[in-house]
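This report refers to the structure that appears directly beneath it.
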Amino acid sequence: LQGRTDDAMREVEHEVDDTFRLQGTALVELARGRVAESDAALRELVRKYADEAAYQIAQLHAQRGDAARAFEWLARAYAGQNRFREALDNALEVVVRDRFFDEGAGRKALLQIFEALGGSEQHDDLVREFRRKLSAALN
Numbered sequence: 057l058q059g060r061t062d063d064a065m066r067e068v069e070h071e072v073d074d075t076f077r078l079q080g081t082a083l084v085e086l087a088r089g090r091v092a093e094s095d096a097a098l099r100e101l102v103r104k105y106a107d108e109a110a111y112q113i114a115q116l117h118a119q120r121g122d123a124a125r126a127f128e129w130l131a132r133a134y135a136g137q138n139r140f141r142e143a144l145d146n147a148l149e150v151v152v153r154d155r156f157f158d159e160g161a162g163r164k165a166l167l168q169i170f171e172a173l174g175g176s177e178q179h180d181d182l183v184r185e186f187r188r189k190l191s192a193a194l195n
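Taken in order, the sequence shown gives residues 57 to 195; the numbers are from the numbering used here.
Below you can see the structure in the form of structure tokens.
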């Protein structure tokens, strides 16, 4: 934003795609130091577009310095694109960084992906590999 938050907000206000408008609002308000307004835009983005905007939500958490939540949302984004190895890698990274983060969100995400992939011979090796990695991370 290079210190030009007013100019940036004017551009954001003209964005026709609601997803990018909300993402931009959250970023600009954060840069302005208006955390409550940034939080409100992020909450609205999650409420309205969690499935289709998981990558943008991950970016916002990264901008805020919240690596664990960024990895959690990145895992969601990858899973939504059937990029299961990347999803599992990111969910595992949440466990490795802080196994208790958000009441075990990384572990829960891994278990959900395991369940989604369960019964598919195509993904059996991948599931076994990440079950071992999860076990090692928890012990």
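Note that beta-carbon positions come from the ideal geometry of N, C-alpha and C, so glycine has one too.
The structure presented is a predicted model; accordingly, all values stated were derived computationally and were not measured.
Item, Value
"Starting from the Cα of Asp158, find the closest Cα among Asp181, Phe127, Gly175 and give me that residue.", "Phe127"
"Rounded to the nearest angstrom, what separates Glu171 and Tyr105 at their Cα positions?", "24 angstroms"
"Check each candidate in Thr81, His117, Ala97, Ala193 and name the one with the smallest Cα separation from Asp154.", "Ala193"
"Does the distance from the C-beta atom of Ala131 to that of Ala109 stay below 8 angstroms?", "no"
"Return helix, strand or coil for Asn138, following the three-state DSSP convention.", "coil"
"Enumerate in chain order the residues of its own chain whose CB-to-CB distance from Gly162 is below 6 angstroms, with the five nearest sequence positions on each side excluded.", "Ala147, Val150, Val151"
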